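All remarks here apply to the structure that follows.
Residue numbers (my numbering): 3 to 573.
Here it is, written out as structure tokens:
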């Protein structure tokens, strides 16, 4: 069985996870059930918190069962009496503490690394390989090796690098090969790019060959030249009519017709800019060509002769302009793609030489190994069989990580296992590591149609006014964002925040307070100081006040201002 639990902030997620784990332990007839339950979360801190919570509750059950938070949950539904629960909890706690290494509560990365260790032979590494967390250092060393190893025998690569360095100098006036190559290499080895390559089915060795890229460059240059020449020609045709009629383009409304000279004088290296929106507005309506004071004398000279040339010029900046921009972007990126194959080869050689494996690549490698294999094959390699899985913070899981977990959960479900997936798409924050919130929102429910779903909708952490504000604000904000994206009704943001509303756990004496102040940027520091002073006058201690900022520089400025103005001094 697969249970999906959507747990918003402060709704008792850790409590529910620990209760589920303990119920699997105590409800099993297997004395060593903990060896066959895997609880996975996202960070070391969350792992430690879950382990501590489980052990603490087992200790309370084993010593004073009536005081346990879970007493009503287990007695009498699971155990007929408190004594029976106490006896089982004591035995389970004893076994876990004396077999702690089998207590399988870990981060998702650690679980995959342990699994991958069993496949060291398949990935071409010694079993003693190390996991490299600092990917940037490997990328930097790979770039250094490419540059240091260049010889006259590397004719094609040298020619490619030389040609592009000269081109970049001509376009920008200055160029640093080391810095530019390192920046490009970082983008080439990013997890986002790897994800796109896989989804598009791109073979780096084949599609990024020098011959293939030269063909693309030739076609891009052809598109760029043709568009530039066409823009120049259409602008010249319009100017011929204007000037030939004895009209000065500067006499047009807001001098908009004078912008045509920008395009008629384009050089072979100039980038074609898009005209201003006001140009299109004025060009599309002949009544807007000239101010009313001049229209009576100037309009008869150019109307209707100028109408068609202006329309032709404006039409050029639709789909044709999109194609032109795409060609320009591709042309500018071909330099990086030209060394992509060389970089990948050097990067892989470096990892084998050092006997290291980059943590970002391990999930993909593991997926490729077990792709198409059934779960027993994986269990056989890692030497452990898990019957139940508890996956925490699932909104931060990457699709490749789910592809590795999926066969294990399907095996568990087919054997009658009890599995729990916990998450909240509203709290997804690891997009930079490839997390995909759509897994929890769409993919898992579709892949496991027999799943059950629970929503924890009571907030036990925040005060009532805070909860009420969140209920109103995020619902409204989601609707605004959907409207900005062009949706007439509820869109994806409203779908994500459909369950944002939370209930208050109990009435509180102090309901809390939420206030907003909008101000010009130059007044921000004064407003922060004012808010801090108001909080202190209301009785808040310094340790109870936090100022959140968007950057370190802003944080330093705020801290300095507060200190200079005495707000951080004890009274």
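Beta carbons are placed, not taken as given, at the ideal position from N, Cα and C, and that holds for glycine.
From a predicted model like this one, the values you see are computed outputs, not experimental measurements.
Check                                                                                                                                  : Outcome
Proximal residues to residue 113 (C-beta, below 6 Å), its chain only, five neighbours per side dropped                                 : 42
Every unbroken beta strand (DSSP E) within the segment 12-95, with a cutoff of 3 residues, ordered by chain                            : 39-43
Residue range of the alpha helix (DSSP H) that includes residue 468                                                                    : 466-486
Per-residue DSSP class, three states only, for residue 7                                                                               : strand
Residue 553 burial status per 10 Å Cβ neighbour count (16 or more: buried)                                                             : exposed
Residue from 341, 28, 364 and 242 with nearest C-alpha to residue 311                                                                  : 242
Limits of the beta strand (DSSP E) - the one that residue 358 falls within                                                             : 358-360
Residue 227 versus residue 168: straight-line alpha-carbon distance, rounded                                                           : 20 Å
Range covered by the beta strand (DSSP E) that runs through residue 390                                                                : 390-393
Delimiting residues of the beta strand (DSSP E) encompassing residue 256                                                               : Segment: none, residue 256 is in no beta strand (DSSP E) and carries neither H nor E.
Through-space distance from residue 443 to residue 399, alpha-carbon basis                                                             : 12 Å
CA nearest to the CA of residue 83, picked from 67, 93, 428 and 97                                                                     : 67
Beta-carbon contacts of residue 465 that lie in its chain and below 6 Å, excluding the five residues immediately before and after      : 510, 513 and 514
Distance, residue 74 Cα to residue 81 Cα                                                                                               : 10 Å
C-beta contact flag for residue 63 and residue 91 at 8 Å                                                                               : yes
Reduced DSSP category for residue 2 - H, G, I as helix; E, B as strand; rest coil                                                      : Lying outside 3 to 573, the shown extent of the chain, residue 2 is not represented and no answer is given.
Cβ separation of residue 184 and residue 145, assumed to be a contact under 8 Å, to the nearest whole Å                                : 5 Å
Residue 557 burial status per 10 Å Cβ neighbour count (16 or more: buried)                                                             : exposed
Nearest to residue 200 (by Cα), restricted to the options 518, 367 and 267                                                             : 367
Buried versus exposed, by CB contacts within 10 Å (16 or more), residue 486                                                            : exposed
Given residue 592 as reference, the closest of 480, 133, 121 and 103 once Cα atoms are compared                                        : The displayed coordinates of the chain run from 3 to 573. Any statement about residue 592 would go beyond what the structure contains.
Per DSSP, the bridge partner or partners of residue 515                                                                                : None; residue 515 has no bridge partner.
Contact between the segment 350-366 and the segment 271-286 (3+ Cβ pairs under 8 Å)                                                    : no
Reduced DSSP secondary structure (H/G/I, E/B, other) of residue 460                                                                    : strand
Three-state class that DSSP yields for residue 505 in the structure shown                                                              : strand
Assigned secondary structure, residue 355 (DSSP; H/G/I helix, E/B strand, else coil)                                                   : helix
Contacts around residue 457, its chain only, beta-carbon distance under 7 Å, and the 5 residues preceding and following it disregarded : 8 and 501
Assigned secondary structure, residue 567 (DSSP; H/G/I helix, E/B strand, else coil)                                                   : coil
Residue 10 and residue 426 closer than 8 Å at C-beta                                                                                   : yes
Nearest candidate by alpha-carbon position, reference residue 278, set 402, 361, 264 and 454                                           : 264
Anticipated Cβ contact below 8 Å, residue 390 with residue 420, distance rounded                                                       : 5 Å
contact_flag[the segment 212-220, the segment 319-337] where n(CB pairs < 8 Å) is 3 or more                                            : yes
Residue range of the beta strand (DSSP E) that includes residue 225                                                                    : Here residue 225 belongs to no beta strand (DSSP E); instead the alpha helix (DSSP H) covers 212-246.
Buried/exposed call for residue 534, threshold 16 Cβ in 10 Å                                                                           : buried
Residue 252 burial status per 10 Å Cβ neighbour count (16 or more: buried)                                                             : exposed
Touching by the beta-carbon criterion (3+ pairs, under 8 Å), the segment 518-534 and the segment 486-496                               : no
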